[in-house]
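Report on the following structure.
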Amino acid sequence: MNNETDKHFMSLALDLAEEGRGIASPNPMVGALVVRDGQIVGKGYHRKAGSDHAEVIALREAAENARGAAMYVTMEPCCHHGKTPPCTDAIIKSGITRVVSAMTDVNPLVCGGGFSSLQQNNIKTMVGILKNRAQKLNEAYMKFIQKKIPFVTLKLAVTLDGKIADPAGKSKWITGKEARKHVHLLRSRSDAVMAGVGTVLADDPMLTVRDVEGKSPLRVIVDSRLRTPPDARVFANDNVIIVSTEAADNERLAIFKQRGIEVLKLDTQDEHVPLKSMLRRLGQLDIISVLCEGGGILGTGLFKEKLIDKIVFVIAPKVLGGKGIAVGDIGINNLENAVGIKDFDVERKGDDIIYTGYPEYI
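Numbering (my numbering), first residue to last: 1371 to 1732.
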């Protein structure tokens, strides 16, 4: 097949992989197509950890039509025994003669081994078709596998003059309904949504998914002294963790434990939650993506420690003036050292502008 044909089918496979967003974690999102004589005879995507992988689902649908066909898969097929058998075994047995993949799996248990296994069984392989799109799709998985900590997206709703709250500390609602719906979509695609205790005290958010279809993620409250009210709306249902420190009041800790609310107490030198340690602990819980929704203190801390991988700034056509700035002091004293934003996208939701990009630290 020619390169344009390969791109066409890989694009369809990537579209299919997207169906696993928000449900495949901590595994990667993967889509697979079986193509014979230019026709799709089998397709599949990975639905959740522990279930059949995309390749196996596509081969099952293709059945005997897989013999002599090509497979388009968005990531290198696995070649190790995990919760499921190796996908390479299923591909070899199916009679597939050519495998086209968008990217190599960064997991050291796979990394190149899947392709090697296929090649040893006389199956032609090609890798790199729409590689950039595939890597962006699984950016959280790639960071998690390589660094064992979650991919952190900072979302802030700001005015044109960079304010995230009015003089009373309230931020409901800086942005409009359509932009807020987009944020709920981001929540549904994340393993966890995180907020500082200041945001909880000021806005009493639920941090759940309501305006779109999808599951509500784990909610993580960063609260060094356990000031979060036990009757806060974020506790309306389970699946909440409070990250605190040894400075937390023991009586408050007992209240949360009695209610069955998990509190992670971390060692600290300055009474603030150690953010790197917090992310490592979340990684140990197989949390690969975190959407941080504020507030300014938490976002500033993450920026200062260069822990933010992606930003989503929702900008409203309003001017507030005064205090309540989005990002405080992050240790930068001149424009030459400012954090640049690369690979950014800009889109409009109602009257608001959503600016999405990747911080480039010096």
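A virtual CB, placed ideally from N, CA and C, is assigned to each residue, including glycine.
- Following the DSSP letters along the chain, one finds F1485 inside the alpha helix (DSSP H) bounded by residues 1483-1490.
- Measuring C-alpha to C-alpha distances from E1675 to each of A1535, L1649, T1458 identifies L1649 as the nearest.
- Nearest in C-alpha terms to A1527, of all of L1500, A1549, N1609, is A1549.
- In the DSSP annotation of this structure, T1670 is not part of any beta strand (DSSP E); the continuous alpha helix (DSSP H) holding it starts and ends at 1666-1674.
- Counting C-beta pairs with one atom in each stretch, the segment 1513-1526 and the segment 1401-1419 have fewer than three that are closer than 8 Å, which means they do not touch.
- Assigned with DSSP and collapsed to three states, G1568 falls in helix.
- Per the C-alpha coordinates, the member of T1375, K1413, G1584 positioned closest to V1443 is K1413.
- With a beta-carbon spacing of about 5 Å, L1524 and I1678 fall inside the 8 Å limit used to define contacts.
- Your pair K1693 and P1537 checks out as a contact, with CB atoms roughly 7 Å apart and the cut at 8 Å.
- Under the three-state reduction of DSSP output, Y1731 falls in the coil class, being neither helix nor strand.
- Between R1597 and L1623, the C-beta gap is not smaller than 8 Å, which leaves the two residues out of contact.
- Under the three-state reduction of DSSP output, Q1409 falls in the strand class.
- In the DSSP assignment, T1375 falls within the alpha helix (DSSP H) that extends over 1373-1387.
- The continuous beta strand (DSSP E) containing S1659 extends over residues 1659-1662.
- Non-local beta-carbon contacts of D1715 in its own chain, meaning distances under 6 Å to residues more than five positions away in sequence, involve T1726 in chain order.
- For I1625, there is no enclosing beta strand (DSSP E); the residue is part of the alpha helix (DSSP H) that begins and ends at 1620-1628.
- Around the beta carbon of D1574, a 10 Å sphere encloses fewer than 16 other beta carbons of the protein chains shown; the residue is thus reported as exposed.
- A residue is called buried once 16 or more other Cβ atoms fall within 10 Å of its Cβ, and N1435 is buried on that count.
- DSSP, reduced to helix, strand and coil, places V1476 outside both helices and strands of the structure shown, so it counts as coil.
- Within the same chain, and ignoring the five residues on either side of L1588 in sequence, the residues whose Cβ sits closer than 6 Å to its Cβ are A1562, N1609.
- K1506 counts as exposed, since fewer than 16 other C-beta atoms from the protein chains shown sit within 10 angstroms of its C-beta.
- Taken in chain order, the complete beta strand (DSSP E) segments of 3 or more residues contained in the segment 1525-1585 are 1562-1566.
- The shortest CA-to-CA distance from P1447 to any of Y1415, E1509, G1664, A1432 is the one to Y1415.
- Taking 8 Å as the cut-off, the Cβ atoms of I1499 and M1380 count as close.
- Here DSSP, grouped into helix, strand and coil, assigns A1708 to coil.
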